[in-house]
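Number of protein chains: 2
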Amino acid sequence: MPKRKASPCESSVPSAEAIAPIFTRVKPSFVADAGEKKSWRILSWNVAGLRACVKKNDFEKILSESPDLIFLGETKCNEWPPLIETKFKDYKKTLVASQKGGYAGVGLLSKVAPIKVIQGIGDEEFDKEGRLIIAEYSHFFFIGVYVPNSGRGLVNLSKRERWEKIFLEKIQDLDKTKPVIYGGDLNVAHSEIDLRNPESNRNKTAGFTDQERGWFTDLLAAGFKDTFRTLHPDEKAYTYWSYIGSARENDVGWRLDYYVVSNRIMEKVKTSGIMRTVTGSDHCPVILDITF
Amino acid sequence: MPKRKASPCESSVPSAEAIAPIFTRVKPSFVADAGEKKSWRILSWNVAGLRACVKKNDFEKILSESPDLIFLGETKCNEWPPLIETKFKDYKKTLVASQKGGYAGVGLLSKVAPIKVIQGIGDEEFDKEGRLIIAEYSHFFFIGVYVPNSGRGLVNLSKRERWEKIFLEKIQDLDKTKPVIYGGDLNVAHSEIDLRNPESNRNKTAGFTDQERGWFTDLLAAGFKDTFRTLHPDEKAYTYWSYIGSARENDVGWRLDYYVVSNRIMEKVKTSGIMRTVTGSDHCPVILDITF
DNA sequence: CGTACCATG
DNA sequence: CATGTTACG
């Protein structure tokens, strides 16, 4: 494992592996995170098909950041590709697949075994689709999400609305117990600054409707911070570029991937970054350093 | 156009292009082949998807043989790929597509416009699938065919039987008027010598059932010759190797692609060859030189 | 195994 | 445009 680069505050305690040798995929409910780790590096990436993405080699760049948590979206697979198993041998792994193959799906890799893992939001329709993992650690909940896309012609906007209502309740609920770190492909560009062509997409393209933007505003108003925007109020930076045309080459992008944290831990966030040079998907990874 | 190699008897008369400028795809029924050409080179290839095949560059090898006729099977496309249009600009083209996309389909390229082209065998089920082109020239009929595969578990053996009965009638009918040259993927290995593993495939795998072999025997008995086997009675040579495993590497193949001619023109056949080094499909092309 | 298709993004 | 799926061979 390469040495982590530019880590704000490397923990010196051993990982919880010794006391939690197996991270079962169904009910991993043993004590694991011993609560002593001080600094966490979290990486989230919509891989747009994990099997293809992992073959394109940029997972080496992921490894070289030595993240404590890696959340993957749109994995589109029912089992971990062998290359992931070997490259990330020392990580505990949870894969939540969609019922229908080749669609959605999320996965979490964690150096330290979480105290508890919850797969799904507790709704039948959404939990069939493999969209959410909650991992409880001693100081926080991590919620990794692949938010439902509103679809071509916004055909799934009402499904999205239902998701947003359920999710808002869930995150507020968790936040009462412990602060939350919410990350992933939120499938919304919050403001004009968050996409290259706001005018041509406004209320036309999924991800930049007044409704989706409003639901994100509502979420933040409930006591959360968009970490990247909080630290970089005026920076234009995208995490997604369509494969069509030469969108990425021309930086015709969208910021769809976020970390959102409980207000009270925003001050613990050291960096909220975008790994724009990592390829292999139409999204690039986002990275968070936070110190407890 | 490269000079034809090893051509037994190159015609010196101009092509019929001048008198037949357009080879319409629906009813091309003008006089074209002036009947003066003496030597014909015919090439047939099951391309297993023309769009993919043409990108793999071995069409250069096809061109360098300067065939007078090129029959393509399993084209799986509704229009000629642009690369075919440009590479074979001076050929008249007929494409017969299947109703359902990405399935079957045949095409014919001809340096000299045929006198007449018939698309299909005159049966509703089969003619929806794009399996047969008859091109009439002054001295012969060319019948290019992609014979229905009997399917996994031989589920389509009865469909195949229906095809064989209709086809036998058709070829005998044409043969009354002019000698026929019948070529393409006949989806049968006639004898043990025509496939690498006869025992493991006998009556199990489509293409080596007693029925399919019998129908081919019946066809020959009706007055036709398998040109390759007639000229090379003891040669083991295959035209198809499964993509699965390393079949081609190990020459675990089948002879499925043939030229069959009316008995009375067998003596005109100069060579019946197999272009085993041409790649780009799981079949390789077969080539016939015949002099009228 | 490989080429088509289609759904999804 | 790219990744999955499925049908077909």
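Protein chains in written order, with full-length UniProt numbering: chain A, 1 to 292; chain B, 1 to 292. Even glycine gets a Cβ: it sits at the ideal position worked out from N, Cα and C.
Run of the beta strand (DSSP E) containing residue i, from where it starts to where it stops
i, result
"I171(A)", "Not the beta strand (DSSP E): I171(A) falls in the alpha helix (DSSP H), residues 157-177."
"K87(A)", "Element bounds for K87(A): not the beta strand (DSSP E) but the alpha helix (DSSP H), 82-87."
"R41(B)", "39-46"
"F224(A)", "224-226"
"K270(A)", "269-274"
"F71(B)", "69-73"
"V252(B)", "First-last for V252(B): undefined, no H or E at that position."
"T239(A)", "Run containing T239(A): none; DSSP gives neither H nor E here."
"D33(A)", "First-last for D33(A): undefined, no H or E at that position."
"T291(B)", "286-291"
Pairwise C-alpha distance: residue j and residue i
i, j, result
"I134(B)", "I118(B)", "5 Å"
"V260(A)", "T86(A)", "31 Å"
"Q172(A)", "T217(A)", "14 Å"
"S191(A)", "Y137(A)", "32 Å"
"Q211(A)", "L50(A)", "30 Å"
"S262(A)", "D175(A)", "7 Å"
"E235(A)", "I84(B)", "49 Å"
"R248(B)", "E74(B)", "19 Å"
"E169(B)", "W163(B)", "10 Å"
"K38(A)", "F292(A)", "5 Å"
"N156(B)", "T230(B)", "30 Å"
"T227(B)", "P81(B)", "31 Å"
"V112(B)", "P67(B)", "11 Å"
"R276(A)", "V145(B)", "53 Å"
"N201(A)", "G223(A)", "28 Å"
"G183(A)", "L132(A)", "10 Å"
"G153(B)", "N187(B)", "15 Å"
"N197(B)", "W241(B)", "12 Å"
"G130(B)", "S246(B)", "30 Å"
"P179(A)", "G120(A)", "19 Å"
"T209(A)", "N203(A)", "4 Å"
"G122(A)", "K159(A)", "15 Å"
"residue 380(B)", "E60(A)", "Since the first residue of chain B shown is 1 and the last is 292, residue 380(B) is not available in this structure."
"G35(B)", "E199(B)", "47 Å"
"K92(A)", "A52(A)", "22 Å"
"L63(A)", "D282(B)", "40 Å"
"L288(B)", "K268(B)", "11 Å"
"C284(A)", "K225(A)", "21 Å"
"D58(B)", "D90(A)", "47 Å"
"I22(B)", "L195(A)", "Any reading at I22(B) needs caution, since the residue's pLDDT is 24, under 50, leaving its predicted position unreliable; the model's value is listed next. For I22(B) and L195(A), the distance between alpha carbons rounds to 52 Å."
N-terminal and C-terminal residue of the alpha helix (DSSP H) that residue i is part of
i, result
"F216(A)", "210-221"
"S191(A)", "S191(A) -> no alpha helix (DSSP H), and no H or E assigned at all."
"S200(A)", "198-201"
"S64(A)", "59-64"
"L186(B)", "Here L186(B) belongs to no alpha helix (DSSP H), and DSSP marks it neither H nor E."
"V278(A)", "It is not in any alpha helix (DSSP H) - V278(A) carries neither H nor E in the DSSP assignment."
"R51(B)", "50-55"
Among the options, nearest to residue i - alpha-carbon criterion
i, options, result
"D185(A)", "K176(A), P148(A), P114(A)", "P148(A)"
"Y243(A)", "E235(A), K61(A), W254(A)", "W254(A)"
"V47(A)", "K38(A), K100(A), L168(A), G280(A)", "G280(A)"
"I42(A)", "K270(A), R276(A), D282(A)", "K270(A)"
"P272(B)", "G245(B), S246(B), Y238(B), A104(B)", "The displayed chain sequence assigns Ser, not Pro, to residue 272(B). Considering only alpha carbons, the answer is Y238(B)."
"S150(B)", "T205(B), Q99(B), G107(B), A97(B)", "T205(B)"
"E79(B)", "V96(B), E65(B), K111(B)", "V96(B)"
"E124(B)", "S158(B), Y146(B), I166(B)", "I166(B)"
"L109(B)", "F88(B), T227(B), D282(B), H232(B)", "F88(B)"
"residue 345(A)", "T209(A), V278(A), E129(A)", "Chain A is shown only over 1 to 292; residue 345(A) falls outside these bounds and no answer can be derived."
"K100(A)", "Y91(A), S64(A), L63(A), F126(A)", "F126(A)"
"P233(B)", "E65(B), E267(B), I193(B)", "I193(B)"
"W40(B)", "E65(B), D90(B), V54(B)", "E65(B)"
8 Å Cβ cutoff met for residue i and residue j
i, j, result
"V286(A)", "D257(A)", "yes"
"F142(B)", "L69(B)", "yes"
"F140(B)", "I181(B)", "yes"
"F71(A)", "S98(A)", "no"
"A189(B)", "G214(B)", "no"
"I274(B)", "I290(B)", "no"
"K76(B)", "G105(B)", "yes"
"T94(A)", "G102(A)", "no"
(message) Quick check for students: name the residue ranges of the beta strand (DSSP E) that lie wholly in the stretch 89-155 of chain A, counting only runs of 3 or more.
(response) 92-96, 106-110, 116-119, 132-136, 141-146
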